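Novice: One structure is given below, represented as structure tokens, and several questions about it will come after.
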Ligand SMILES: Cc1cc2nc3c(=O)[nH]c(=O)nc-3n(C[C@H](O)[C@H](O)[C@H](O)COP(=O)(O)O)c2cc1C
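Residue numbers (the working numbering): 264 to 437.
Given below as structure tokens:
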């Protein structure tokens, strides 16, 4: 079993969207609010150059997880006290809602619901994609599961509202 930590442990799930390059801002803000942070990236986010893995590992003091561990390996992170998905892509939101746990990131999100921990998500989905009926259904389903969604992202990467994920965690349940 992995260690328990002094501070509550936040899983930050990072998907393959351009704004992911700024995820260090969320980690800094979370640490300032006394969260300990572990990052789980989708394979696209981790392997596609969407953010600086080495910088995030230095910031969190832990490896960025993307692939499943082998059964012999210890759990690298403690269990989560909360989960923030930022940025949340069209692809991951739809798979999460449908329960298609084909990446560690989505499997972690699917399991988090059953653990009963608070979950926030900051979607970064372009307007044309966001009109797709499957996406709208996914949002409705996840909201019904208690996921706290940030406002749809509009604007440039510098305007991505990273801290909203933490504000939503601190607020009342959805
Ligand atoms: C440069 C770049 C930026 C992207 N930005 C977004 C985005 O903002 N939102 C989104 O839903 N997909 C975006 N995509 C597409 C996703 O990377 C793609 O759908 C991928 O399958 C997502 O996988 P994931 O959800 O497992 O991370 C982008 C792709 C590229 C190459």
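Every residue gets a Cβ at the ideal spot worked out from N, C-alpha and C, and that includes glycine.
All values reported here derive from a predicted model rather than from experimental measurement.
Check residue 403 in the structure and name its three-state DSSP category.
Specialist: For the purposes of this step, residue 403 is identified with residue 140 of the chain shown, where counting begins at 1. Reduced to three states, the DSSP call for residue 403 is helix.
Novice: Let me know if residue 405 comes out buried or exposed under the rule of 16 or more other beta-carbons within 10 Å of its beta-carbon.
Specialist: As a first step, residue 405 must be located in the chain shown, where it is residue number 142. Buried.
Novice: Is residue 341 near ligand 1, with its Cβ less than 8 Å from a heavy atom?
Specialist: Reading the chain shown from its first residue, position 78 is the one you call residue 341. Not under cutoff, so the answer is no.
Novice: For residue 388, verify whether its CB is less than 8 Å away from any heavy atom of ligand 1.
Specialist: Translated into the one-based positions of the chain shown, residue 388 becomes position 125. Checking every heavy atom of ligand 1 against the Cβ of residue 388, one is found closer than 8 Å.
Novice: For the alpha helix (DSSP H) containing residue 290, name the first residue and the last one.
Specialist: In the chain shown, the residue the question calls residue 290 occupies position 27. From DSSP, the alpha helix (DSSP H) with residue 290 extends over 286 to 295.
Novice: Below 8 Å, is the gap between the Cβ of residue 371 and the nearest heavy atom of ligand 1?
Specialist: Counting from 1 along the chain shown, the entry for residue 371 is found at position 108. Result no, Cβ not under 8 Å from ligand 1.
Novice: If I measure Cβ to Cβ from residue 328 and keep anything under 8 Å in the same chain, skipping five residues before and after, which residues do I get?
Specialist: Along the chain shown, one-based indexing puts residue 328 at 65. Taken in chain order, the residues that qualify are 301, 302, 303, 304, 339, 340 and 367.
Novice: For a test of the three-state rule: what should DSSP assign to residue 386, helix, strand or coil?
Specialist: Residue numbering aside, residue 386 sits at position 123 when the chain shown is read from its first letter. Strand.
Novice: So is residue 425 buried or exposed if we call it buried at 16+ other beta carbons inside 10 Å?
Specialist: Sequence index remark: in the chain shown, residue 425 carries index 162 (1-based). It is buried - the Cβ of residue 425 has at least 16 other Cβ atoms within 10 Å.
Novice: Quick one: complete alpha helix (DSSP H) runs, 4+ long, within the segment 267 to 355?
Specialist: Fully enclosed alpha helix (DSSP H) runs of 4 or longer: 286 to 295, 306 to 310 and 316 to 323.
Novice: With residue 430 as the anchor, note down where its alpha helix (DSSP H) starts and where it stops.
Specialist: Numbered from its first residue, the chain shown carries residue 430 at position 167. Where residue 430 is concerned, the enclosing alpha helix (DSSP H) stretches over 425 to 433.
Novice: Just reading off the alpha helix (DSSP H) that residue 437 is part of, what are its end residues?
Specialist: Position 174 of the chain shown holds residue 437. Element bounds for residue 437: n/a, residue is neither H nor E.
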